[in-house]
Ligand code: AVJ
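Residue numbers (my numbering): 3 to 321.
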């Protein structure tokens with residue numbers, strides 16, 4: 003028996019409203035910032051999939067190696083009947099988990115992108131024809147109201163996406179995950195690890211320029227959704243390793259002094275020549291930090307696994 007359901011927990015225009023608020027706040031402060039979630043329209047999601055196949059971008063391959071090697075252990079440790087995946091995207095790597103979780107009744111992918119959810123569900127229908135899928139269109143950075151699902155539940159947040167949250171947002175997010183869990187439930191977290199800048203920077207500034215196009219795509223999103231007149235050619239892609247904060251920052255640097263109009267917000271934004279707009283933070287972690295942050299949220303760490311080169315970690319915690 004197969005079933006597929008899709009629930010929109012957000013009003014159709016919630017994204018628009020959130021985008022307007024984020025852009026208004028982000029472009030009127032100094033330094034200017036935009037939250038990374040606005041990269042992911044259909045084109046941005048495709049570009050991200052392309053990034054995951056670049057020779058310089060190791061996190062996806064490293065995480066896949068861990069999932070492949072440890073899926074059976076994860077299945078045994080959790081005995082999960084429901085897998086809830088936050089920010090599921092294409093659900094590509096999740097397949098290894100789905101294959102191993104033999105007692106699974108239900109897969110709940112959660113994503114803001116309806117196109118990604120539909121694509122993932124279609125692909126899963128072919129490879130896992132018996133799997134019940136209940137997709138949720140939701141923003142995982144906001145508290146999530148789950149439909150009643152059978153336990154034990156395994157909540158997964160893969161890909162190192164937690165690194166895109168700032169430390170305060172991370173604490174809030176982990177507390178919200180904790181609030182979703184009942185005793186006997188588990189949380190599986192993917193974190194990219196601190197390593198040499200000579201490896202990190204190229205992963206976010208690849209030779210083929212795919213990450214540059216991904217970064218600039220956010221300007222196309224603002225042009226389309228808010229009627230803005232950004233000229234992406236006047237901005238340069240920048241990736242820097244912030245040693246102190248142990249995070250990568252992606253920025254867009256205006257090559258010239260210019261004023262960009264954002265009609266939907268009745269806004270004119272001045273850029274000085276060389277001024278940078280921060281579009282993403284991608285934090286890298288150490289085991290001690292992940293343990294401390296999970297514990298602070300009321301979760302108890304049980305397992306820590308890395309790939310053979312120690313580049314990426316998956317960790318499991320429980321209530
Ligand atoms: C979405 C967290 C997996 O931060 O590495 C890839 C997004 N940004 N290249 C990351 C991203 C630039 C990515 N994650």
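Every residue, glycine too, gets a C-beta built ideally from N, C-alpha and C.
None of these values were measured; they are calculated from a predicted model.
Check                                                                                                                 : Outcome
Spatial neighbours of residue 70 in its chain, beta-carbon cut-off 6 Å, leaving aside the 5 residues before and after : 98
Endpoints, beta strand (DSSP E) assigned at residue 110                                                               : 108-113
Residue 214 versus residue 247: straight-line alpha-carbon distance, rounded                                          : 23 Å
Any non-hydrogen atom of the ligand AVJ within 6 Å of residue 68 CB                                                   : no
Own chain residues within Cβ distance below 7 Å of residue 306, not counting five before or after                     : 289, 315, 317
Residue 164 - containing beta strand (DSSP E), residue span                                                           : Unbroken run through residue 164: none, as it is neither H nor E.
Bridge partners - residue 315, DSSP secondary structure assignment                                                    : 193, 308
Rounded C-alpha distance that separates residue 113 from residue 122                                                  : 11 Å
Inter-residue spacing [alpha-carbon to alpha-carbon] between residue 333 and residue 271                              : No statement about residue 333 is possible, as the shown extent of the chain runs from 3 to 321 and does not include it.
The alpha helix (DSSP H) enclosing residue 263, as first and last residue numbers                                     : Note, residue 263: premise wrong, no alpha helix (DSSP H); beta strand (DSSP E) at 260-264.
CA nearest to the CA of residue 110, picked from 52, 151, 118, 19                                                     : 151
Nearest to residue 241 (by Cα), restricted to the options 81, 207, 128, 106                                           : 207
C-alpha distance - residue 177 paired with residue 20, whole-angstrom precision                                       : 22 Å
C-alpha distance - residue 282 paired with residue 13, whole-angstrom precision                                       : 26 Å
Nearest-angstrom Cβ-Cβ length linking residue 1 and residue 173, presumed shorter than 8 Å                            : Any question about residue 1 goes unanswered here, given that the chain covers just 3 to 321.
For residue 91 and residue 119, the rounded distance between their alpha carbons                                      : 7 Å
Where residue 3 falls: helix, strand or coil (DSSP)                                                                   : With a pLDDT of only 46 at residue 3, under the threshold of 50, the placement of this residue in the model should not be trusted; the figure read from the coordinates follows. Correct three-state label for residue 3: coil.
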